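Reading through the structure tokens given below for one structure.
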Amino acid sequence: MAISLDKLMGFHHKAMQVRTDKMEVISGNLANANTPGYKARDIDFQKAMASAKSQREHNLQRTHDKHFEGRMQTQGHIEFRIPNQPDTGDGNTVEVQTERNLFLENGMRYQAGIQFLNGKIKGMKKALAGGQGG
């Protein structure tokens, strides 16, 4: 019986990729907090994961080695964040405290995802070892 790692971890792996991309976007927002005219951006995690699920269900198969792989690109889910506070006059919409909170929340969710995947890997190792303490 063949073990499909993609079926076991593919969707969760994609979630980790989206979380990583989200962390980069938030970092970019924080780095540009004092840049006049900079518009804060964010990745809609729900939309990105819905797209990943849809892509998985309609996965394209390569019929030749030189064909490109069909992959979801998180970039398509980057949107501008709607500010909670009025414009300060320079056109920058980065709210540093909001960005820090989102960064911390995303980091905690990323860590939880790693622990979840780690549990799946440990379970697979145990199954492959035949339950003999792998």
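Quick note on the numbering used here: the sequence shown kicks off at 73 and runs consecutively.
Even for Gly, the Cβ is constructed at its ideal location relative to N, Cα and C.
Keep in mind that this is a model prediction, so the values were computed, not measured.
Its chain contains Ala112, Asp114 as the residues whose beta carbon lies nearer than 6 Å to that of arginine 153, once the 5 sequence neighbours on both sides are disregarded; these appear in chain order. Per DSSP, arginine 153 lies in no beta strand (DSSP E) segment and is marked neither H nor E. As far as DSSP is concerned, aspartate 116 takes part in no beta bridge. Leucine 80 is a Cβ neighbour of methionine 196, given a cutoff of 8 Å. For tyrosine 182, the secondary structure class from DSSP, reduced to helix, strand or coil, is helix. Residue environment analysis places threonine 165 among the buried positions, since at least 16 neighbouring C-beta atoms fall within 10 angstroms of its C-beta. Taking asparagine 104 as the centre and dropping the five residues before and after it, the same chain places the C-beta of Tyr110, Val166 closer than 7 Å to its C-beta, in chain order.
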